[in-house]
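Working notes for the structure below.
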Amino acid sequence: MKRGKGMKFVGDSRVPINNRKPNIPKDYSEYPGKTEAFYPDFLLKEWMVGAVFLIGFLCLVVVEPPPLERIADPTDTSYIPMPDWYFLFLYQLLKYSFASGPYNILGAFIIPGLAFTALLLAPFLDRGPKRRPLDRPFATGFMLLAICAIFYLTWEAAAHHDWEAAKKQGMIREVVEVDKEDPAYKILEANTCLSCHGGNLEGGSGPPLAGTKLSVDEIKDIAKNGKGSMPPGIFQGTDEELQQIAEFIKSIEK
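Here it is in structure tokens:
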């Protein structure tokens with residue numbers, strides 16, 4: 002029988018010379034200078050890089066501690082909430098007319114949903130063997146578009162936010178116990194005074210009323226005629242009710 006190429010006779014059977022199984026990877030020794038052992042070489046590099054970032058993050062926390070705000074007050078309708086920095090791009094997106102109001106579902110669910118779906122499908126849509134960014138136009142283009150959009154929206158949200166006003170509205174104030182069963186408190190609640198001055202009259206968008214240095218007559222005059230950002234005519238009660246709330250406010254001490 003004619004001897005086949007790449008074959009050798011062992012008795013009466015034919016056995017291939019190269020009997021390497023295709024699914025078994027080659028040993029590291031077959032790639033001199035191109036590979037490294039996972040342990041300890043690769044893990045040591047990973048731990049060192051992670052330690053550098055951890056130390057840098059801890060330094061930032063020490064230098065700039067996170068701000069603390071007062072306890073949330075559901076009666077303070079003037080409070081403008083602000084999300085954390087990593088959600089600012091979604092916060093800014095919801096400000097645009099095409100993604101807010103009647104189209105709120107578009108900005109809150111559909112647009113972010115399409116973006117994250119595209120991110121999940123990226124490994125299946127970009128299956129080429131090439132690794133250079135220029136040779137992967139879909140993956141590179143989508144990545145650049147996402148980075149630019151997130152950076153721009155985050156910048157816009159931070160640039161147009163009144164940080165000084167936010168600092169004042171979140172300022173920790175001394176909580177004063179107020180008798181909310183008092184008839185005068187009910188009058189303040191009915192005239193929407195609490196929406197600006199806080200549920201415990203500790204202040205909100207308006208100045209605090211608890212512990213005020215104003216006299217009863219001055220309180221009545223401001224409630225009736227307004228002062229500063231408070232327009233006149235806010236209080237719609239009777240003169241007796243006006244006298245009642247003025248005395249009630251004056252009686253609150255810090």
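First residue of the sequence shown: 2, per my numbering; consecutive thereafter.
Don't be surprised by glycine CBs; every beta carbon is placed ideally from N, CA and C.
Source: prediction; values computed, not measured.
> Given 8 angstroms as the limit, is there contact between the stretch 78-91 and the stretch 149-163, that is, 3 or more CB pairs closer than that?
Replying inline: yes
> Under the three-state reduction of DSSP, which class applies to residue 83: helix, strand or coil?
Replying inline: coil
>> Just to confirm, is the Cβ distance from residue 127 to residue 139 under 7 angstroms?
In response: yes
> Is the distance from the Cβ of residue 79 to the Cβ of residue 206 below 7 angstroms?
Replying inline: yes
> Tell me the DSSP bridge mates of residue 228?
Replying inline: 231
> Per DSSP, what kind of secondary structure is residue 198 in: helix, strand or coil?
Replying inline: helix
>> By alpha-carbon positions, which one of 210, 178, 240, 162 ends up nearest to residue 85?
In response: 162
> So what does DSSP say about residue 153, is it helix, strand or coil?
Replying inline: helix
> Whose C-beta lies closer than 8 angstroms to the C-beta of residue 243 among residues of the same chain, with five residues either side of it excluded?
Replying inline: 221, 224, 225, 236
> Can you tell me the Cα-Cα spacing of residue 172 and residue 71, whole angstroms?
Replying inline: 6 angstroms
>> Tell me the rounded alpha-carbon separation between residue 251 and residue 212.
In response: 7 angstroms
>> Given this structure, state the Cα-to-Cα distance separating residue 2 from residue 39, to the nearest angstrom.
In response: Interpretation of residue 2 is limited by its pLDDT of 47, a score under 50 that renders its predicted location unreliable; no figure is taken from the coordinates.
>> Please list the terminal residues of the continuous alpha helix (DSSP H) segment that includes residue 54.
In response: 44-64
> residue 180 by DSSP, collapsed to three states: which one?
Replying inline: coil
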